[in-house]
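First to last, the protein sequences are chains A and B.
Take the first sequence: its position 79, counted from the start at 1, is 79 in this note's numbering, and no numbers get skipped.
Take the second sequence: its position 94, counted from the start at 1, is 94 in this note's numbering, and no numbers get skipped.
Ideal placement from N, C-alpha and C gives every residue a C-beta, glycine not left out.
Small disclaimer: the values here were computed from a predicted structure and weren't measured.
Working notes, beginning with the structure itself.
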Amino acid sequence: DTGVSQNPRHKITKRGQNVTFRCDPISEHNRLYWYRQTLGQGPEFLTYFQNEAQLEKSRLLSDRFSAERPKGSFSTLEIQRTEQGDSAMYLCASSLKTGKSYNEQFFGPGTRLTVL
Amino acid sequence: AQRVTQPEKLLSVFKGAPVELKCNYSYSGSPELFWYVQYSRQRLQLLLRHISRESIKGFTADLNKGETSFHLKKPFAQEEDSAMYYCAHGSARQLTFGSGTQLTVLP
Numbered sequence: 001d002t003g004v005s006q007n008p009r010h011k012i013t014k015r016g017q018n019v020t021f022r023c024d025p026i027s028e029h030n031r032l033y034w035y036r037q038t039l040g041q042g043p044e045f046l047t048y049f050q051n052e053a054q055l056e057k058s059r060l061l062s063d064r065f066s067a068e069r070p071k072g073s074f075s076t077l078e079i080q081r082t083e084q085g086d087s088a089m090y091l092c093a094s095s096l097k098t099g100k101s102y103n104e105q106f107f108g109p110g111t112r113l114t115v116l
Numbered sequence: 001a002q003r004v005t006q007p008e009k010l011l012s013v014f015k016g017a018p019v020e021l022k023c024n025y026s027y028s029g030s031p032e033l034f035w036y037v038q039y040s041r042q043r044l045q046l047l048l049r050h051i052s053r054e055s056i057k058g059f060t061a062d063l064n065k066g067e068t069s070f071h072l073k074k075p076f077a078q079e080e081d082s083a084m085y086y087c088a089h090g091s092a093r094q095l096t097f098g099s100g101t102q103l104t105v106l107p
């Protein structure tokens with residue numbers, strides 16, 4: 001296991017098109033997170049899954065965004081009708097739920113989206 | 001709303017000099033604070049967390065509740081410390097990041 005993986009690493013699309021990103025977490029991790037990072041900013045939280053349940057969604061996640069984690073393993077993030085403002089790096093992270101209040105989130109390399 | 005502020009976007013120091021990266025937070029409860037680091041062409045990774053009170057790669061960070069700060073310090077900077085540093089507040093459900101400070105350690 002080489003850590004969290006994300007595909008594709010880069011995506012260029014035209015405004016109005018739909019795009020889908022995939023995240024494969026570290027195999028035993030039951031928590032999965034999506035973040036978005038724009039130039040000059042830190043990552044911004046989008047959504048959080050524990051196993052297959054989506055337990056938290058940011059107000060940043062508009063109706064055009066949908067995330068799934070159907071079997072509690074990999075996750076997909078879909079953006080419908082992309083806009084130029086969606087151009088960003090999309091980061092996935094995973095962690096293992098234990099009895100501690102916080103467990104380290106391990107980040108993937110990100111998918112860079114460019115909307116023309 | 002939780003907020004994490006890193007006032008310096010860029011910071012340059014000479015090798016061997018002390019370095020301090022500033023972080024302030026706004027949170028009314030008991031904060032859980034972290035420093036994440038991203039080296040060039042690498043993924044974001046945890047550097048240290050306040051609750052563990054440990055020193056990683058010579059870096060320490062002390063939580064000051066009175067000043068709502070969590071500054072990252074190292075007494076003698078090394079060139080390999082050059083990276084992007086993010087302060088974050090978080091829980092099991094999400095992390096709130098600051099905008100980051102790009103540290104450059106000059107030879």
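Practice item. Check the Cβ of A/Pro25 against every Cβ in chain B and list those closer than 7 Å, keeping chain order. Key: Ordered by position in chain B, no residue passes the 7 Å Cβ test against A/Pro25, which lies about 13 Å from the chain.
**Study point:** Among B/Thr5, B/Thr60 and B/Val13, nearest to B/Glu79 - alpha-carbon criterion
**Key:** Of the listed residues, the one whose Cα sits closest to B/Glu79 is B/Val13.
Point to revise | Beta-carbon spacing of A/Ile79, A/Val19 below 8 Å | key: With respect to the 8 Å criterion, A/Ile79 and A/Val19 are classified as neighbours on the basis of their beta carbons.
Check your understanding: Which residue's Cα is closest to the Cα of B/Phe34: B/Ser40, B/Ser28 and B/Cys23?
Key -> B/Cys23
Point to revise | C-alpha gap between A/Thr2 and A/Arg81, whole angstroms | key: 33 Å
Check your understanding: Straight-line CA distance for A/Pro8 to B/Gln6?
Key -> Between A/Pro8 and B/Gln6, the C-alpha separation is close to 31 Å.
Exercise for review: Rounded to whole angstroms, what's the CA-CA distance from A/Phe21 to A/Glu68? Just pull it up for me.
Suggested key: Approximately 11 Å between the Cα atoms of the pair.
Exercise for review: Give the straight-line distance between the Cα atoms of B/Thr104 and B/Tyr27, rounded to the nearest whole angstrom.
Suggested key: 30 Å
Check your understanding: Which first and last residues belong to the beta strand (DSSP E) in which A/Arg22 is found?
Key -> Val19 to Asp24
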